[in-house]
Structures are given as structure tokens and as C-alpha cells.
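Every position in the sequence shown, counted from 1, becomes a number in our numbering once 12 is added.
The beta carbon of each residue, even a glycine, is placed where N, CA and C say it ideally should be.
Bear in mind the structure is a predicted one, so any value in this text is a computation, not a measurement.
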Amino acid sequence: MGKVYHFSKNAVLGTLVLAVTALATIIALSVAYHKERANNQSKPGNGASGTSSTSAPPTTPFTPKVPWDYYRLPKGLKPESYNVTLWPRLKPNSDGLYIFTGNSTVVFRCLKDTDLIIIHANKLNFTTFEGMHAKLSSLHEEAVPALQKSWLTARTEYLVVQLQSKLKAGAMYALHTEFMGELADDLEGFYRSEYLENGLKKIVATSQMQPTYARQAFPCFDEPAMKAIFNITIIHDPDTVALSNGKEKNSLLSVVSGVPVKVTTFEPTEKMSTYLLAFIVSDFISIESSTSNISIRIWARRTAIDNRQGDYALNVTKPILQFYEKYYSSNYPLSKSDQIALPDFNAGAMENWGLVTYRETALLYDPMLSSTGNKERVTTVIAHELAHMWFGNLVTLHWWNDLWLNEGFASYVEYLGADYAEPTWNIKDDIILYDVQKVLAIDALASSHPLSRKEEEVSKPAEISEMFNSISYNKGAAVLRMLSEFLTEPVFARGLSSYLNTFAFKNTVYTDLWDHLQQAVDNTPGLDIPRSVSEIMNRWTLQMGFPVVTVDTQTGTVTQKHFLLDPDSVVGRPSQFNYTWFIPIKWMKNGVDQQQYWLLDKTDTHSSMRVSGEEWVLANTNVSGFFRVNYDLDNWGRLLSQLNTNHQVLSVINRAQIIDDAFSLARAKLINTTLALRTTTYLSRERDYIPWESALRNLDNYVLIFDRTEVYGALQAYLKKQIKPLFEHFRTLTANWTRVPAGHSDQYNQINALRIACGVGVEGCRELIKSWYRQWMENPDHNQIHPNLKSTVYCNAIAFGGVEEWDFAWRMFQTASLASEASRLRSAMACTKTPWLLNRYLEYTLDPTKIRKQDSISTIQYIARNVVGMPLAWNFVRARWSYIFEQYGQGSFSFTNLISGITMRFSTEFELQELKRFKEDNLHVGFGSATLALEQAIEKTTANIKWVNENKAEVFKWFIKETT
């Protein structure tokens with residue numbers, strides 16, 4: 013445990029946060045709220061007070077001239093501990109505003125002489141002390157420098173204190189502030205969440221600090237490397253409960269100025285980063301269990317807990333924690349593990365240390381109403397967040413340019429934790445679908461970026477938010493999985509354990525991880541890798557993209573090349589390794605695994621890969637490496653022959669790999685498009701989920717490009733031909749849809765069979781769907797549709813129906829007591845083919861009383877997914893870009909997906925010009941964390957146009973031939 017500093021009132025006069033003092037101060041602040049707000053906003057240099065820094069970008073680049081012009085903190089001060097007291101008001105004041113008041117004392121060490129204190133603060137209104145925003149005291153005997161002036165900066169979000177003389181290197185000081193902020197509904201910092209229970213509106217005060225929002229709750233050194241110990245006190249209504257990272261120390265009733273309150277103090281935290289802080293005030297209740305030394309609690313709305321929707325999360329948390337303790341060879345670092353389901357939450361979940369916050373859909377599960385997919389989501393999200401308790405929280409990235417160290421790692425080991433908790437699911441294979449194949453498509457763009465970016469490329473809040481993308485999460489997971497595969501899991505785990513124990517409560521960079529994995533390699537006799545861990549892995553983390561490995565089975569020649577979806581695109585980012593990788597290749601010959609081979613140059617010869625006759629080679633078995641594979645045409649032909657004669661000789665993962673690689677290689681003009689399509693002809697005999705899902709995703713890209721052209725009819729006919737046997741298989745297996753299959757992945761494939769069959773018009777499917785939905789409409793209190801099938805049934809019934817079906821779904825959405833059920837309905841309502849209903853629905857996304865702010869962006873994306881809704885959503889976003897950007901553009905985790913979501917069908921020159929015009933027309937507004945997504949949309953649209961021009965006729969001809 014880190015050192016906690018305690019000081020007497022005499023030693024640091026006026027700075028120690030005591031409960032009584034805090035109460036009096038906060039009451040005074042509450043009375044003075046509007047006066048201070050007006051004063052602070054009117055003073056020169058105080059532009060940050062109560063306002064967001066979303067002003068239009070300047071027309072000329074800004075050149076920093078003074079320390080507070082830079083987004084990164086100066087290195088001269090280092091926080092040691094904070095005493096923070098906050099009082100959120102769960103009722104509006106006379107002006108209808110919800111506010112919070114508070115005070116904070118940060119104890120910091122001066123590392124080098126300076127006459128400046130620069131600390132983050134945003135959207136806070138400060139009480140002034142003789143004209144200053146803060147008070148300074150010393151923990152030593154020397155005189156405290158007098159304050160000369162203080163001000164707030166809007167652009168860089170700082171409170172700046174100029175001193176009349178310098179702080180002394182090595183000395184300790186305490187900065188005290190008193191402040192007020194709005195408990196807004198903006199889903200960031202300290203914010204307000206609302207819900208209805210028994211017809212009554214309830215308010216929750218909750219927090220989201222990652223990545224740069226702690227500064228909106230109290231002044232702090234808001235960078236991940238600025239770790240400190242936090243002493244938190246929460247003042248709240250007596251009929252509510254307060255939670256924070258630490259265990260509750262005591263909770264005392266008090267009355268201040270006639271106001272009855274409860275004052276809850278928490279044990280000091282471990283040494284931690286500001287982005288991991290959390291505090292919540294609500295009337296939630298909990299259920300509890302424990303391990304030998306950890307208290308485990310699940311918190312949620314009373315109705316949800318009473319309906320036992322938290323039971324599954326409670327049951328699965330204990331084995332996941334136990335798995336990680338064993339896997340990391342490290343005990344859980346805290347004494348308690350609180351997890352809470354929030355009605356309004358921007359991200360899916362957040363790994364606050366000791367108090368993990370979730371969307372309700374990610375934590376609550378009802379065995380009668382929730383689907384298999386809902387259950388898996390709860391398991392994997394809990395496994396992801398609990399993985400962070402060690403990797404990310406105990407040992408933390410130094411700066412956000414290495415975000416993949418946090419998120420890529422958690423995205424990989426979540427599969428290990430979930431597999432331990434639910435071993436019958438065989439969930440570890442799913443990483444191929446949900447991480448590897450997903451990000452291979454994105455990392456193949458010329459506008460991609462490396463896993464580890466340069467620090468100077470990631471400094472502004474919007475640039476930091478932009479790092480929360482598929483590269484950091486999914487590529488990070490894929491590359492770490494590859495590393496674990498060639499090191500072996502035991503060696504990988506030993507290196508992690510050494511890394512975590514060495515750097516506990518500290519910050520690291522990626523090279524620290526390589527060093528400890530190398531130590532594990534060096535201590536493992538017989539483990540042979542051709543280069544050091546850092547030499548191998550730097551090529552995967554410091555250059556963007558990935559290779560395509562081409563195997564010529566006639567000569568045994570093996571080559572590598574940077575894979576680009578559009579081979580004509582120009583890569584603007586140079587590579588110090590000339591886009592060459594050290595590639596571990598696991599492979600098989602005629603179904604027999606061979607010794608792993610390393611490709612270390614652009615070209616090599618591996619004679620064992622030379623085959624003849626009916627022999628075939630398949631490289632990258634089980635997709636253990638992060639690359640694509642191409643072959644000579646003869647080997648492609650033999651692999652396709654194997655699929656069509658006995659596909660089960662190949663694993664489900666490699667059947668999916670052949671399909672996914674082929675479609676991407678065709679997009680990159682490395683093989684013919686019809687060769688890629690031929691990988692799907694065997695599907696009428698395929699019954700496994702992973703290959704089907706991979707095929708459907710790739711064919712879905714064809715649907716998106718061609719569903720407004722004459723090709724679509726032939727494509728639908730082909731899909732109908734291929735899906736009908738799967739539909740009949742599940743009709744028989746489930747006794748005419750009266751039950752669900754026993755197998756976990758079979759349940760997913762049943763959904764695929766029903767969804768595609770109804771979409772392409774397999775006989776009897778639509779009638780079945782409509783009858784189920786009609787029965788529910790006739791008896792709304794008894795929904796007999798199986799939870800697994802609800803999403804498909806709702807969407808298709810609304811698509812085939814009209815206003816009556818849509819309005820019924822809307823009523824059910826408004827009264828849904830389970831978040832996952834509401835989510836299904838919200839998605840399904842975007843399936844209607846009636847334009848005015850879609851336009852009305854788009855307008856609802858701007859009204860938080862109809863669609864929660866956390867769901868607005870995804871709802872627009874759902875509508876854009878609909879061929880009828882796509883142009884409506886595109887026009888809607890263009891017309892309201894300024895408002896949407898103001899609401900979501902600076903930090904919403906979903907915002908980066910908006911541009912890709914509404915442009916996914918773009919494949920004409922007219923659409924490309926519209927997209928470019930949209931960019932030009934809104935340069936004055938900006939694109940925030942969606943800046944890269946916009947560039948990628950332009951790149952993908954350009955590639956789509958070329959691909960359609962070159963392949964449309966051939967694709968049309970092939971589908972006609974296959975269905976005639």
C-alpha cells in the first residue's frame with residue numbers, strides 16, 4: 013500500500029477536509045452558486061467555467077507559447093494524495109438545475125523549483141479567496157509563496173495559479189479549492205442519470221472519469237501517470253446510499269442549516285489514476301457474496317434486484333476473480349468488488365477500481381426474459397472489466413498512446429475468464445469473429461494507425477477519445493493472442509505475473525511488458541523463438557497494418573506484403589521496418605499439423621510447403637497469427653475441393669478463415685472475386701456457427717453495396733438456396749421452432765437461419781414470424797417468443813408490418829422493465845420500411861425523454877442500416893451536425909462509429925462527393941473523436957466505387973449462374 017499523508021489542522025490550516033467543515037462550506041457554496049457562476053464566467057481568462065470547450069477550431073494552427081497552452085501537464089509537480097468532499101443534489105434548484113458542490117485538498121510534491129501551479133479543472137465554478145481560485149499551504153516550515161493571480165483556461169482545461177515566488181524542489185504543499193458544478197445529463201464527469209420506478213422519477217448521481225473527465229468533478233492532475241491516494245467523503249440524502257472505490261468507513265446522520273444529510277466517508281484508496289475514480293449516490297439496493305477475503309456486491313434498481321436480474325452477475329463474478337488470481341499469480345488488490353448497473357451510461361462498462369460501472373444490458377440478466385446472447389454479454393463484459401483490476405488498474409499505462417496495453421489485454425483475457433466461468437460454451441473460438449476478423453478489415457485501410465502511437469500524436473481530449481477504437485481493443489487482443497500462442501500460455505502468464513508484481517501501483521510503457529515476457533522466455537528451457545520478444549512484437553505494435561502471407565505450394569516459396577484493402581491507396585505513414593513483420597506460421601498439410609515456421613524476410617523458401625497431386629496446405633491454423641493467407645490457384649482449388657467433399661477435416665475456425673481471407677483478398681485484387689464466392693458454395697452442408705457467421709458478414713457487405721441495384725435479386729436467390737437447408741435443419745432440430753438447440757453456438761446459428769431465411773423469403777418463414785408477433789400484440793402481457801429469437805422476430809415483423817406493429821413496439825419499449833428487452837425493441841423499430849416512421853424515429857433520438865442520450869448514436873446507426881433509412885439518416889446527420897457534434901463529438905465512446913455507420917453503403921461517385929462536401933462544410937464545426945472515422949469513410953467509399961466498377965458485372969453473372 014502507498015503512503016497516506018495525514019496532517020493536523022494546525023499543520024495545514026484550512027486545508028484538511030473534515031466532515032463538519034465540508035458541510036458548512038458546501039452549504040455556503042450552494043447559496044452562492046449563481047453569483048459565482050456569473051462572476052467566474054465574466055472574468056477574463058475564466059472561459060472554462062460552466063462551459064464546454066467545443067468551440068469551433070481556429071482557422072490557423074495554434075502555437076503554444078506558455079506552459080498552460082500545452083495539453084500535457086508540466087513535470088514539476090507530482091500529487092501524493094487528495095481529500096475530496098462532494099455533495100450532489102438529487103433535486104433541482106429554483107432554476108431547474110441539478111448541482112453538486114464540493115471541496116478538495118490535493119497534497120503534492122514539488123520536483124523542481126517553479127512559480128506555477130497548473131492543475132486540470134473543467135466546467136467548475138470556484139469560490140474565490142481574496143480574488144484567488146485556491147488557497148496554498150505548506151507541509152514544511154518554510155514560508156508559503158503568496159498567490160499573485162489565478163485563472164481558468166478553456167482550451168486546455170486548466171486552473172492556473174501564478175505565485176509571487178517559487179515552490180522549492182523536494183517540498184510538499186497542499187492546494188485547497190471549493191467549487192460547484194452542474195450535475196448534468198451529459199454522461200461524463202459527475203453526472204445525473206434518471207429512471208422511472210413505479211411511475212416516480214428517480215435520480216442517480218454517478219460518474220464516468222475515463223479518459224479526461226475527472227477534472228469535471230474536482231480539480232486534479234488528470235493524467236494516468238499522476239497516481240495518488242484518494243480520501244473521499246460523500247454528503248447525500250439520508251434515504252440514499254453512497255458508493256466509491258474504497259470500502260465505506262462510516263456513515264453518519266447530520267443536519268446542516270435545517271437540511272438532514274448523511275455523511276459517508278470511505279477508506280483511502282490504493283495509489284491510483286484519476287480516470288479510475290468513481291462515486292455514486294442512489295437508492296439502489298444490492299445482493300452480496302464473498303470469497304475468503306473479498307466482498308462481492310451487485311447493485312441495481314430495486315425492481316431489477318427484486319426480480320433477481322443481478323443473480324447471474326453475482327454468481328459468475330466469483331469464479332472469474334478466482335481465475336484471474338490464479339492466472340496472474342497475484343491476489344485481487346482490494347478488499348471489495350462492487351459492480352453497479354446504471355440506467356444511463358455512455359460506455360458499455362468502466363473498470364473503476366473497486367466500483368465497476370455498467371450499462372444495465374451488460375450486467376443484468378433475467379433467465380426468463382434474456383437471451384443466450386444477453387447472458388454471454390454479461391459474462392464477457394464482467395470478465396473484461398475484472399481483468400482490468402490488475403492489468404490497467406494495478407499497473408497502468410503511462411499515457412493514452414499505449415491504450416492498447418489496457419484494452420487489448422482485457423479484450424484478450426476476457427475470453428479466458430469467461431471460458432473458465434462457462435466452460436461448456438467453447439467461447440475462446442469466438443475471438444476469431446469478434447476481434448480478429450473484425451479488425452483485420454479496419455487495419456487493412458491506408459488510414460489506419462499503429463497500436464502504439466507517438467505521444468505527441470495523442471494529446472487533446474478528442475485525440476485521446478479517438479484511441480478507444482477497434483485497433484486498441486480488437487487488434488490489441490489479436491496480437492496478444494498471437495504472442496501467447498508462440499510463447500505458449502504458461503510462459504505468457506509467467507511473464508505477466510512478473511510484470512504485474514514488479515510494477516504494482518506504478519505506470520509502464522509497452523517495452524516493460526516485452527522485458528518481462530523476455531525474462532520468462534529466458535527462464536524456459538527448450539523454448540526457441542528466432543528473435544527477442546521486443547524485436548518480434550515491435551513490428552506488430554509500432555507499424556500499422558498487417559501482412560498477407562502468400563504460399564506457393566508448387567515451389568515452396570513463402571512471401572509477405574503489407575495488405576491493403578485498396579492496393580492503389582497511398583500509405584502516408586512511414587514504417588521504420590519497411591512494413592515487414594516477423595511472422596509465426598502454424599500450418600498443416602492434408603489435415604496434419606506441421607512444425608511452426610517463422611517467416612523473417614520478405615521472401616523465403618520452405619520446402620516442406622511444396623505439395624503435389626491432391627495434397628493441400630493450409631497456413632495459419634486456428635488463426636493463431638494476425639495476418640491473411642493467399643495461395644497459388646492450384647492449392648486454392650484443392651482447399652475448395654476439401655470444403656465441398658468433407659469440410660469437417662478443417663476446423664470451424666479455419667473454415668471461417670478460408671472464407672474471410674478469400675473475400676478480403678478479392679477486394680484487394682489478389683484473387684478473382686468469383687474464387688471468393690466459391691468458398692461459400694459448400695455452406696448448404698455447413699451446420700456450424702462460426703463459418704456461417706463469417707460467410708454472412710462477408711456476403712452482407714455485398715448486400716450493402718448491391719441492395720439498391722439489379723444484382724440484389726440474384727444475390728437474394730443465392731442466399732435463399734444456401735440458407736434453406738440450414739433453416740430446415742433447425743426446424744427439425746427444434747420440433748418446428750418450439751424449443752432451442754442445446755449447444756451454445758447452435759443457438760446462435762438457429763438465429764442466423766431464421767434471420768436470413770425470412771430476409772430472403774424462404775417459404776413459411778415470414779408467416780411464422782408474423783404469427784408470433786401478432787399473438788404477442790393480442791396479449792401484450794404474455795410474450796411467448798423465445799428470448800433468443802426476439803430480435804429477429806421483432807425486426808422482421810416490423811419490417812413486414814406497418815404503423816400498428818411499430819406503435820405496439822414503441823409502447824412495449826416504453827414499459828420494458830429489462831434493459832436488454834428495451835434494447836431489442838429499440839433496434840427492431842429501425843427495421844420498418846415506412847419512411848415517415850423512420851423520420852419520426854430519427855427525431856426521437858434528439859429527445860432524451862424518448863431515447864436516452866446513451867442510445868442516440870446507436871439508434872441513428874440502426875436506422876442507417878436499413879436500406880430505406882440510410883438516406884434519411886445521412887440527411888438527418890448532415891442537417892444537424894453542429895448539434896450532434898456539440899452533444900457527442902468530444903468524448904462519446906459511440907461517436908466514432910456514427911460516420912462509419914451512416915456511410916456503410918456508400919459506393920457511388922455521387923455519394924463520395926457528398927461525403928467530401930460534408931467534410932468541407934463542417935470544418936468550422938469539427939469532427940472531434942470521429943476525425944479518423946471520417947477519413948476512413950472517404951477511403952472505404954473510394955475503394956467501394958472502384959470495386960463495384962470492376963466486379964459488378966462478374967458478380968451478377970456468377971449469382972445468376974449459381975441460381976439458374
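The criterion of a C-beta distance shorter than 8 Å is satisfied by A186 and S149. The Cβ atoms of N710 and F675 sit closer than 8 Å to each other.
Between the C-alpha atoms of L766 and I781 there is a straight-line separation of about 9 Å. Secondary structure within the stretch 493 to 532: the beta strand (DSSP E) runs of 3 or more consecutive residues, fully enclosed, are 518 to 520 (chain order). It is roughly 10 Å from the alpha-carbon of S349 to the alpha-carbon of N364.
With 16 or more other Cβ atoms from the protein chains shown falling within 10 Å of its own Cβ, H145 counts as buried. If one requires a minimum length of 4 residues, the alpha helix (DSSP H) runs lying completely within the stretch 921 to 959 are 921 to 933, in chain order.
For Q174, the beta-bridge partners assigned by DSSP are L128 and K161. Using a C-beta cut-off of 8 Å, the stretch 712 to 722 makes no contact with the stretch 680 to 688, since fewer than three inter-stretch Cβ pairs fall below that distance. Looking at the DSSP output, M144 sits in a beta bridge with F141.
Annotation: the continuous beta strand (DSSP E) that includes R371 extends over L367 to R371. For secondary structure counted as the alpha helix (DSSP H) over 4 or more consecutive residues, the stretch 431 to 493 holds these complete runs in sequence order: 449 to 455 and 473 to 478. Taking the CA atoms as reference points, F825 sits about 7 Å from R838. With respect to the C-alpha of K601, the residue from L662, P579 and P586 having the closest C-alpha is L662.
Counting along the chain, D672 sits inside the alpha helix (DSSP H) bounded by residues V664 to R679. Beta-bridge partners of R204 (DSSP): A217.
Boundaries around G193 are those of the beta strand (DSSP E), M184 to E194, since no alpha helix (DSSP H) includes it. Within 10 angstroms of the beta-carbon of N115 lie 16 or more other beta-carbons, which makes it buried. Shortest Cα-Cα distance from S509 to any of N95, L406 and Y427 involves L406. Contact annotation: S382 and L830 have beta-carbon atoms nearer than 8 Å. Inter-residue distance for F138 and W80 is about 19 Å (C-alpha atoms, whole angstroms). Restricting attention to H756, S581 and R640, the CA atom closest to the CA of P435 is found in H756. For N761, the enclosing alpha helix (DSSP H) starts and ends at H756 to V772.
When the beta-carbon positions are compared, Y287 and P231 stay at least 8 Å from each other.
Counted as a single uninterrupted DSSP element, the beta strand (DSSP E) harbouring L89 occupies residues L89 to P100.
Nearest to L645 by alpha-carbon distance, out of E200, G637, K87 and V629, is V629. Distance from the Cα of F907 is smallest, within the candidate group K259, M238, S477 and T276, for S477. With 16 or more other Cβ atoms inside 10 Å of its own Cβ, H400 counts as buried. Per DSSP, M621 has no beta bridge partner at all. Setting aside the 5 residues that flank it on each side, A490 is surrounded in the same chain by D447, V448, V451 and F638, each with a C-beta closer than 7 Å to its C-beta; the list follows chain order. In this chain, the beta strand (DSSP E) harbouring N243 covers I241 to H248.
Here H132 is buried, its C-beta having at least 16 other C-beta atoms within 10 Å. Straight through space, the alpha carbons of N210 and V275 are spaced by roughly 28 Å. Between A945 and V752, the alpha-carbon positions lie close to 39 Å from each other. Contact check between the stretch 486 to 501 and the stretch 238 to 254: fewer than three CB pairs, one atom from each, fall below 8 Å, which does not count as touching. In this structure, DSSP gives Y643 an extended state, which the three-state scheme calls strand.
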